[in-house]
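Q:
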Amino acid sequence: MKKILTLLIACTAGALSAQTLQSPDKNLILTFSVQEGGKPTYALSYKGQEVIAPSHLGLELYSSNEVQFGEELKKNTDVNTSLYDGFTVEKVTTATADETWAPVWGESKTIRNHYNELVVTLRQKSTDRAMNIRFRLFNDGLGFRYEFPEQKNLVYFVVKDELTQFAMTGDHYAWWIPGDYDTQEYDYNHTRLSEIRAVNAQGRQANLSQKGFSDTGVQTSLMLKTDKGLYINLHEAALVNYGAMHLNLDDKRLIFQSWITPDANGAKGYLQAPTQTPWRTVIVSDDARDILASNITLNLNEPCALADTSWIHPMKYVGVWWEMITGMKEWSYTYDLPSVHIGITDYTKLKPHGKHGATTENVKKYIDFAAKNGFDGVLVEGWNIGWEDWFGHAKDHVFDFQTPYPDFDIDEVHRYAKSKGVKMIMHHETSSSIRNYERYMDEAYRLMNKYEYPAVKSGYVGNIVPRGENHYSQWINNHYLYAIKKAADYHIMINAHEAVRPTGLCRTYPNLIGNESARGTEYQAFGGSKPNHTTVLPFTRLIGGPMDFTPGIFEMDISKNNPNNHSHCNATIANQLSLYVTMSSPLQMAADLPENYERFPDAFQFIKDVALDWDESHYLEAEPGAYVTVARKAKGSDDWFIGNTTGIKGFTSKIALSFLKPNTRYEATIYADAKGADYKTNPQAYIIKKQKVTNKTKLSIPAVEGGGYAIRLVPVKK
Ligand code: NOJ
Ligand code: CA
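Under UniProt numbering, the final residue of the sequence shown carries the number 718; numbering is consecutive throughout.
(1) Is the beta carbon of H497 within less than 7 Å of some heavy atom of ligand 2?
(2) Classify A672: buried if its beta carbon has 16 or more other beta carbons within 10 angstroms, exposed otherwise.
(3) Which of the three DSSP states, helix, strand or coil, is assigned to A370?
(4) Tell me the DSSP secondary structure of Y666 in three-state form.
(5) Suppose you measure from the CA of K39 to the CA of V155; what does that come to, to the nearest Å?
(6) How many angstroms separate the CA atom of Q272 from the CA atom of R192?
(7) Let me check understanding here. Comparing Cα to Cα, which of V340, T540, H397 and A525 lies closest to T550?
(8) On the DSSP bridge assignment, give the partners of Y460 in chain order.
(9) What does DSSP give as the partner residue(s) for K316 in the beta ladder?
(10) Closer than 7 Å: is that where the CB of E522 sits relative to any heavy atom of ligand 2?
(11) Can you tell me which residues form a DSSP beta bridge with N132?
(12) In this structure, how does DSSP classify R192 when only helix, strand and coil are distinguished?
(13) Roughly how many whole angstroms lie between the Cα atoms of V92 and T121?
(14) Is the beta carbon of V340 within less than 7 Å of some heavy atom of ligand 1?
(15) Alpha carbon to alpha carbon, how far is Y597 from A358?
(16) Tell me whether Q205 sits in a helix, a strand or coil according to DSSP, three-state version.
(17) Look at R129 and Q276 and say whether their C-beta atoms are less than 8 Å apart.
(18) Work out the CA separation of R123 and M131 for me, nearest whole Å.
(19) Please state if the CB of S55 and the CB of Q165 are separated by a distance shorter than 8 Å.
(20) By alpha-carbon positions, which one of K268, N299 and R289 ends up nearest to W279?
(21) Taking the alpha carbon of Y472 as the reference point, which residue from E498, R253 and T645 has its own alpha carbon closest?
(22) Starting from K485 and walking both ways along the alpha helix (DSSP H), at which residues does that stretch end?
(23) Apply the 10 Å Cβ neighbour rule to S700 and answer buried if 16 or more other Cβ atoms are within range, or exposed otherwise.
(24) Three-state secondary structure (DSSP) at A305?
(25) Our contact map puts G706 next to P531 with C-beta atoms below 8 Å; I'd like the distance itself, whole angstroms only.
(26) CB-CB under 6 Å to K109, same chain, minus the five flanking residues each way: which ones, in chain order?
(27) Could you give the distance in angstroms between the alpha-carbon of K3 and the alpha-carbon of T297?
(28) Out of A267, V380 and E302, point me to the one whose CA is closest to W322's CA.
(29) I196 and D250 look like a contact to me (Cβ under 8 Å); what is the Cβ gap, rounded to whole Å?
(30) What residues match up with G217 in a beta bridge as DSSP calls it?
(31) Can you grab the Cα-Cα spacing for the pair G170 / S194, in whole Å?
(32) If I measure Cβ to Cβ from Y480 and keep anything under 8 Å in the same chain, skipping five residues before and after, which residues do I get?
(33) Residues in the same chain with beta-carbon distance under 6 Å from T664, minus the five sequence neighbours each way, listed in chain order, please.
(34) Would you give the residue range spanned by the alpha helix (DSSP H) that H56 belongs to?
(35) Can you tell which of T430, L447, D368 and Q184 has the C-alpha that lies nearest to the C-alpha of L537?
(36) Considering only residues of the same chain and omitting the five flanking positions on each side of V610, which have a CB-CB separation below 6 Å?
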């Protein structure tokens, strides 16, 4: 249901009054005006408090002599470079929408999309060009984007900079990671805005591909908290055909400005009207739980583009993976190859080094384990040739995604898995050679269809080929989407690692069932992550969509798996269980080794039982960096699951189970940190307690730093 009201305004710049727009509940007010010099400007308030102080909007374009174009295009791009001043308001349109839609999978069965909208058509007199700014104001925040209607004087153009400002009203606290064109795999910093420069100057955690751009550059989704207790989240939605947005802080004036990831030539977006930018989002509340419950990012994406989604299924999986990540096994097959030539190198004549993880025999062990414990799938990495020199050379033709190593019998693995009712999950490490992946994509997806692999984990480690490109620029972002759309043609689900951070595109393409795009559990075996990392991720990375975080580590002392690896997983077992609930995802891995689960069968039971898809979610307690408690009802079932993840210091969670069905008794199985649990020195200390509860029950459960709890609630049959 959408009501549209159009106001035609005949005006001169001087006579312009500001436009205001209220959220449906009237708590948020957006003000738009064209300020001196014809500069579009917006501001946002929440319950009378300023959230975004007056901030300019606009873009700067390349002029034709700055961009290398052919003569034809040059004619169309010979433009005045400003799309940020000289504007007057030509037309203002308002509308309101209130609809409910059903995601294919997710945190709730239905999602309400309720907003008031303001579209301002701006005209730049000197160039006779039009640009719209579309604002949507929800009860929990704002989305806005630039739109470029079809017109004679703006056809092909190249964005040099997007000049969107987010002017802060004070020196807020921020949970931030450094701006980077090539990696998002950082621990979060928690500082005031004015401290970002000094922390950045101390250097950054190393990654296999990284490129910073400014001492005050940060990534979105950025989580902020004001001294008055307001929570503000800045991110983007529907990132399509454009570079991903970073934010750069002017730390004297405390103004963030959009900083779009450039391509190898520095361009932020090659556009052709009619078109639009992604949405810029500001989620706001005085209650941190509302930030986690917000559906703005999904609502600003287009509805599902797939006619048939019956083949999309949430999956719980194990895999031949942690063995390699901890260094016990290897992805490669032999040490006898200085380099690989795909199509020429004959592996059958080479001596195996004996540490290859993806052998038929080892894979069968995982298939047996999956079948025995009710898992849907088994991921196998290192099954295909090319790993001997996959990294470090920005190599173009590195994998073919279809030739198995001699000790991985793809026919037999398929037969065996099928006989046990287990699906195999494909792995495509592209080593960031985009061209090579696209070269083989159809054949690779066809092979998956032949062997009935329903899902692929893809990866983009290392520097991008074409060389000089960045991980989050327009061209590469188009590649990630191309892979998702093409996979849909083959009924394949995608879980892309190291790809651009998600922006809600899983609404439109629900076969995008997972992304990594942040610091995942693998870092617990690469030296460790901060113990409160998983209390920050729901407020940052997860705002854009689910994460393949790969939780479930039970053996925190990594040297117990591999004596040469002295990393420590900074979490308790109860914390690891809670993540299956606090980090909602339709794709969940039990990442540890089967033998580590066999040592703790009673705790492992929770991972076996936990649901992947939900009818309802209720955020009960939340504070970034400190704790997140959420209750979720399993889809199509009366079972509930509750998770609490605790961060920087111990926390006693106090919750009321009022969301449960009235007049019903449930058996609660509580998996919690035991007395004396400590994420460093005593992480395996947990207790399991059973008790009967109803919707009148109140629980008080202590959790330690880096700890938490998980609860399963099942109605008691009368
Ligand atoms: C990095 C990914 O995050 C990890 O899960 C994978 O095992 C390696 N790349 C190899 O592809
Ligand atoms: Ca990774």
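All C-beta atoms, glycine included, are put in the ideal place defined by N, C-alpha and C.
A: Let's see:
(1) On the sequence shown, position 497 is the one that residue 497 refers to. Yes, the beta carbon of H497 sits closer than 7 Å to at least one heavy atom of ligand 2.
(2) As a first step, residue 672 is located in the sequence shown; it is residue number 672 there, counting from the start. Counting other Cβ atoms within 10 Å of its Cβ, A672 reaches 16 or more and is therefore classed as buried.
(3) Residue 370 sits at position 370 when you count from the first residue of the sequence shown. Reduced to three states, the DSSP call for A370 is helix.
(4) As a first step, residue 666 is located in the sequence shown; it is residue number 666 there, counting from the start. In the structure shown, Y666 sits in a strand (DSSP, three-state: E or B).
(5) In the sequence shown, the residue the question calls residue 39 occupies position 39. In the sequence shown, the residue the question calls residue 155 occupies position 155. Looking at the two C-alpha atoms, the distance is approximately 22 Å.
(6) What you label residue 272 is simply residue 272 of the sequence shown in a count that begins at 1. What you label residue 192 is simply residue 192 of the sequence shown in a count that begins at 1. Going from the Cα of Q272 to the Cα of R192 covers about 40 Å.
(7) The sequence position of residue 550 within the sequence shown is 550, counting from 1. A check of alpha carbon separations from T550 across V340, T540, H397 and A525 identifies A525 as the nearest.
(8) For the purposes of this step, residue 460 is taken as residue 460 along the sequence shown, with counting starting at 1. For Y460, which the question treats as bridged, DSSP gives no partner whatsoever.
(9) Position 316 of the sequence shown, counting from 1, holds the residue named residue 316. Looking at the DSSP output, K316 bridges to Q588.
(10) If you number the sequence shown from 1, residue 522 lands on position 522. Checking every heavy atom of ligand 2 against the Cβ of E522, one is found closer than 7 Å.
(11) Within the sequence shown, residue 132 is the residue found at index 132, counting from 1. In the DSSP output, where bridge partners are listed per residue, N132 has T121 and E147.
(12) In the sequence shown, counting from the first residue as 1, residue 192 sits at position 192. Here R192 sits in strand by DSSP.
(13) By one-based count along the sequence shown, residue 92 stands at place 92. By one-based count along the sequence shown, residue 121 stands at place 121. Put simply, the backbone Cα of V92 is about 6 Å away from that of T121.
(14) Numbered from its first residue, the sequence shown carries residue 340 at position 340. No - ligand 1 has no heavy atom lying nearer than 7 Å to the Cβ of V340.
(15) In the sequence shown, the residue the question calls residue 597 occupies position 597. In the sequence shown, the residue the question calls residue 358 occupies position 358. Y597 and A358: Cα-Cα distance of roughly 20 Å.
(16) As a first step, residue 205 must be located in the sequence shown, where it is residue number 205. DSSP places Q205 outside both helix and strand once states are collapsed to three, so it counts as coil.
(17) In the sequence shown, counting from the first residue as 1, residue 129 sits at position 129. In the sequence shown, counting from the first residue as 1, residue 276 sits at position 276. Result no, Cβ atoms of R129 and Q276 do not sit closer than 8 Å.
(18) For the purposes of this step, residue 131 is identified with residue 131 of the sequence shown, where counting begins at 1. For the purposes of this step, residue 123 is identified with residue 123 of the sequence shown, where counting begins at 1. Looking at the backbone, the Cα of M131 and that of R123 are separated by about 7 Å.
(19) Your numbering for residue 165 matches position 165 in the sequence shown. Your numbering for residue 55 matches position 55 in the sequence shown. Cβ atoms of Q165 and S55: closer than 8 Å.
(20) Here residue 279 refers to the residue found at position 279 of the sequence shown. Measuring from the Cα of W279, the nearest candidate turns out to be N299.
(21) Locating residue 472 in the sequence shown gives position 472, where the first residue counts as 1. When the alpha-carbon of Y472 is set against those of E498, R253 and T645, the nearest one is in E498.
(22) Position 485 of the sequence shown, counting from 1, holds the residue named residue 485. Q474 to D489 is the extent of the alpha helix (DSSP H) around K485.
(23) Position 700 of the sequence shown holds residue 700. Exposed, because fewer than 16 other Cβ atoms sit within 10 Å of the Cβ of S700.
(24) The residue given as residue 305 occupies position 305 in the sequence shown. Here A305 carries a coil assignment [DSSP, helix/strand/coil].
(25) By one-based count along the sequence shown, residue 706 stands at place 706. By one-based count along the sequence shown, residue 531 stands at place 531. Confirmed, Cβ separation roughly 3 Å.
(26) Translated into positions along the sequence shown, residue 109 becomes position 109. D615.
(27) By 1-based counting over the sequence shown, the position of residue 3 is 3. By 1-based counting over the sequence shown, the position of residue 297 is 297. Low local confidence applies: a pLDDT of 46 at K3 is under 50, so the model's placement there is unreliable, with the coordinate-based value given in what follows. A direct Cα-Cα distance of roughly 22 Å separates K3 from T297.
(28) Here residue 322 refers to the residue found at position 322 of the sequence shown. Nearest to W322 by alpha-carbon distance, out of A267, V380 and E302, is V380.
(29) Against the sequence shown, residue 196 aligns to sequence position 196. Against the sequence shown, residue 250 aligns to sequence position 250. Actually they are not in contact, since the Cβ atoms of I196 and D250 sit about 11 Å apart, beyond 8 Å.
(30) Against the sequence shown, residue 217 aligns to sequence position 217. Assignment of beta-bridge partners to G217 by DSSP yields N248.
(31) The sequence position of residue 170 within the sequence shown is 170, counting from 1. The sequence position of residue 194 within the sequence shown is 194, counting from 1. The straight-line gap from Cα to Cα measures roughly 10 Å.
(32) Walking along the sequence shown from the start, residue 480 turns up at place 480. Taken in chain order, the residues that qualify are A496, A499 and V500.
(33) Taking the sequence shown and counting its residues from 1, one reaches residue 664 at position 664. Within the same chain, and ignoring the five residues on either side of T664 in sequence, the residues whose Cβ sits closer than 6 Å to its Cβ are P715.
(34) On the sequence shown, residue 56 is found 56 positions in, with the first residue counted as 1. No alpha helix (DSSP H) holds H56; the beta strand (DSSP E) holding it covers Q49 to H56.
(35) Looking up residue 537 in the sequence shown gives position 537. That would be Q184, whose Cα lies nearest to the Cα of L537.
(36) Walking along the sequence shown from the start, residue 610 turns up at place 610. Annotation for V610: Y580 and F641 place their beta carbon closer than 6 Å to its own, counting only its chain and skipping 5 residues before and after.
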